[in-house]
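*Asks:* If you scroll down you'll find the structure; I have some questions about it.
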Ligand code: SF4
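Below, the structure is given as structure tokens:
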């Protein structure tokens with residue numbers, strides 16, 4: 002089995018320092034909506050300048066390089082134990098090269114491991130087997146702490162918000178989450194919403210859905226319409242970039258549905274900041290492609 006440690010280091014570098022094109026384009030479009038000379042426009046221009054400099058200088062887009070979350074789709078017959086080792090070694094090297102800030106802090110002893118490794122759960126690595134002749138694909142998301150702090154989970158019905166167990170109720174709680182987040186999730190943000198599941202699976206799914214491209218819609222027309230409506234309505238709240246007020250609070254919303262127990266109806270909202278770092282690498286034979 003081929004050693005991919007160096008290729009994964011490069012993958013981490015790209016993810017941490019080079020914002021995906023679809024995100025950058027949406028941020029550029031958002032600048033034009035803000036009034037000249039406004040704090041919102043100034044914040045967006047600074048964000049975009051920062052994106053440009055980070056790419057040019059190969060430095061992290063944000064000082065918080067986030068929680069590394071990997072999804073590995075491995076061909077039948079590959080060793081997940083070896084893949085895990087490669088990813089962990091690559092992360093240590095990427096930290097030494099300052100592509101990543103040491104971010105793994107033991108919560109009980111308040112001690113930073115210094116190398117981005119911590120127990121079995123840091124980094125978070127999910128494995129899924131695919132056919133033997135399919136390529137190996139690794140997806141990586143770097144999820145910022147500030148935006149993670151403003152994520153929210155609701156158990157419906159929620160009488161306080163008048164939210165029942167239907168899409169109308171989902172709309173109410175998602176808008177409540179955006180209202181409560183204000184600018185603290187480093188708006189403009191992207192909303193990942195999971196409906197259903199249990200508390201754990203629902204939160205995990207609300208992050209998974211964020212691997213999709215900006216503008217990709219749910220296959221169900223009713224859910225797709227709600228995605229667009231939530232983005233539009235969030236942008237009428239006046240929260241704006243970094244909470245300075247303005248036109249753009251959310252640049253996209255993605256919703257995924259799950260099965261649930263009859264007793265439960267969870268809605269989980271993962272808020273992703275403007276530093277929407279998520280990329281994919283594909284390995285087939287000797288060829289490695291970075292998206
Ligand atoms: S929430 Fe995002 S943009 Fe804000 S500090 Fe954290 S990683 Fe950076």
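Residue numbers (the numbering used here): 2 to 292.
Backbone N, C-alpha and C fix where the C-beta goes; we use that ideal spot for every residue, glycine too.
#1: Just to check, is the beta-carbon of residue 65 closer than 7 Å to a non-hydrogen atom of the ligand SF4?
#2: With three or more beta-carbon pairs closer than 8 Å as the criterion, would you say the region 32-51 touches the region 247-257?
#3: Run through the DSSP bridge pairs and tell me what residue 282 is partnered with.
#4: With 16 other CB atoms within 10 Å as the buried threshold, where does residue 117 fall?
#5: Tell me which same chain residues have a C-beta within less than 6 Å of the C-beta of residue 8, skipping the five on either side of it?
#6: For residue 276, is the beta carbon positioned less than 7 Å from some heavy atom of the ligand SF4?
#7: When the Cβ atoms of the region 43-57 are set against those of the region 93-105, are three or more pairs found closer than 8 Å?
#8: When you measure from the CB of residue 146 to every non-hydrogen atom of the ligand SF4, does any distance come out below 7 Å?
#9: Taking only the alpha-carbon atoms, compute the straight-line gap between residue 285 and residue 27 and give it to the nearest angstrom.
#10: Starting from residue 39, trace the alpha helix (DSSP H) in both directions and tell me its first and last residue.
#11: At the level of alpha carbons, what is the spacing between residue 199 and residue 258?
#12: So residue 293 packs on residue 179, CB below 8 Å; how close in whole Å?
#13: Would the beta-carbon of residue 32 fall within 8 Å of that of residue 277?
#14: What do you reckon, are the CB atoms on residue 279 and residue 21 nearer than 8 Å?
#15: Count the other C-beta atoms from every protein chain shown that fall within 10 angstroms of the C-beta of residue 110, then say buried if there are 16 or more, exposed otherwise.
#16: Specify, as a first and last residue, the run of the alpha helix (DSSP H) that residue 273 falls within.
#17: Exposed or buried, which one is residue 81 when buried takes at least 16 other CB atoms within 10 Å?
#18: Cβ atoms of residue 84 and residue 172: under 8 Å apart, would you say?
#19: Kindly give me the distance between the Cβ atoms of residue 241 and residue 164, rounded to whole angstroms, as I take these residues to be in contact under 8 Å.
#20: Provide the residue(s) that pair with residue 159 in DSSP beta bridges, ordered along the chain.
#21: Near residue 129, what residues of its chain come up, given a Cβ to Cβ distance below 6 Å and the 5 sequence neighbours on each side ignored?
#22: According to DSSP, simplified to helix, strand and coil, what is residue 220?
#23: Exposed or buried, residue 262, counting other C-beta atoms within 10 Å across all chains shown (16 or more means buried)?
#24: Is residue 244 near the ligand SF4 - that is, is its Cβ less than 7 Å away from at least one heavy atom of it?
#25: Using only the heavy atoms of the ligand SF4, determine whether one of them is closer than 7 Å to the beta carbon of residue 161.
#26: Is residue 186 a contact residue of the ligand SF4, with contact defined as CB to any heavy atom under 7 Å?
#27: Residue 189 bridges to which residues according to DSSP?
#28: Where residue 181 and residue 119 are concerned, what is the direct C-alpha to C-alpha distance, given to the nearest angstrom?
#29: Suppose you measure from the CA of residue 210 to the CA of residue 149; what does that come to, to the nearest Å?
#30: Taking 8 Å as the threshold (C-beta atoms), are residue 202 and residue 271 in contact?
*Replies:* To lay it out plainly:
#1: Taking the chain shown and counting its residues from 1, the one referred to as residue 65 is at position 64. Within the cutoff, so yes.
#2: yes
#3: Position 281 of the chain shown holds residue 282. BP columns for residue 282 point to 139, 291.
#4: On the chain shown, position 116 is the one that residue 117 refers to. Buried, by the Cβ-count rule.
#5: By 1-based counting over the chain shown, the position of residue 8 is 7. Excluding residues within five positions, the ones whose Cβ falls inside 6 Å are 289.
#6: Here residue 276 is taken as the residue at index 275 of the chain shown, counted from 1. Yes, the Cβ of residue 276 comes within 7 Å of a heavy atom of the ligand SF4.
#7: no
#8: As a working mapping, residue 146 is identified with position 145 in the chain shown. Residue 146 Cβ: within cutoff of the ligand SF4.
#9: Here residue 285 refers to the residue found at position 284 when the chain shown is read from its first residue. Here residue 27 refers to the residue found at position 26 when the chain shown is read from its first residue. Answer to the nearest angstrom: the Cα atoms are 31 Å apart.
#10: Position 38 of the chain shown, counting from 1, holds the residue named residue 39. That residue, residue 39, is in no alpha helix (DSSP H); it is neither H nor E in DSSP.
#11: For the purposes of this step, residue 199 is taken as the residue at position 198 of the chain shown. For the purposes of this step, residue 258 is taken as the residue at position 257 of the chain shown. If I take the Cα positions, the gap works out to 12 Å.
#12: The first residue shown for the chain is 2 and the last is 292, placing residue 293 beyond what the model contains.
#13: Indexing the chain shown from 1 puts residue 32 at position 31. Indexing the chain shown from 1 puts residue 277 at position 276. No, Cβ-Cβ distance for residue 32 and residue 277 is not below 8 Å.
#14: Here residue 279 corresponds to residue number 278 of the chain shown, with the count starting at 1. Here residue 21 corresponds to residue number 20 of the chain shown, with the count starting at 1. A contact, by the Cβ cut-off of 8 Å.
#15: Taking the chain shown and counting its residues from 1, the one referred to as residue 110 is at position 109. Per the 10 Å Cβ criterion, exposed.
#16: In the chain shown, residue 273 corresponds to position 272, counting from 1. That residue, residue 273, is in no alpha helix (DSSP H); its beta strand (DSSP E) goes 267-273.
#17: Working through the chain shown from its first residue, we reach residue 81 at position 80. It is exposed - the Cβ of residue 81 has fewer than 16 other Cβ atoms within 10 Å.
#18: By one-based count along the chain shown, residue 172 stands at place 171. By one-based count along the chain shown, residue 84 stands at place 83. No, the pair does not count as a contact, with Cβ atoms beyond the cut-off.
#19: Here residue 241 refers to the residue found at position 240 when the chain shown is read from its first residue. Here residue 164 refers to the residue found at position 163 when the chain shown is read from its first residue. The Cβ separation is near 25 Å, so there is no contact.
#20: Taking the chain shown and counting its residues from 1, one reaches residue 159 at position 158. Partner(s): 164.
#21: Locating residue 129 in the chain shown gives position 128, counting from the first residue. Excluding residues within five positions, the ones whose Cβ falls inside 6 Å are 74.
#22: Stepping through the chain shown from its first residue, residue 220 is reached at position 219. Three-state result, residue 220: coil.
#23: Your numbering for residue 262 matches position 261 in the chain shown. Counting Cβ neighbours within 10 Å, residue 262 comes out exposed, since fewer than 16 surround it.
#24: In the chain shown, the residue the question calls residue 244 occupies position 243. Not so, every heavy atom of the ligand SF4 lies at least 7 Å from the Cβ.
#25: Residue mapping note: residue 161 aligns to position 160 of the chain shown, counting from 1. Not so, every heavy atom of the ligand SF4 lies at least 7 Å from the Cβ.
#26: Numbered from 1 along the chain shown, position 185 holds the residue referred to as residue 186. Checking every heavy atom of the ligand SF4 against the Cβ of residue 186, one is found closer than 7 Å.
#27: Start at 1 with the first residue of the chain shown, and residue 189 comes out as number 188. In DSSP, residue 189 forms no bridge with anything.
#28: Looking up residue 181 in the chain shown gives position 180. Looking up residue 119 in the chain shown gives position 118. Cα-Cα distance, rounded: 31 Å.
#29: Along the chain shown, read from residue 1 onward, the residue named residue 210 stands at position 209. Along the chain shown, read from residue 1 onward, the residue named residue 149 stands at position 148. C-alpha separation (whole angstroms): 15 Å.
#30: Numbered from 1 along the chain shown, position 270 holds the residue referred to as residue 271. Numbered from 1 along the chain shown, position 201 holds the residue referred to as residue 202. Contact flag unset, no.
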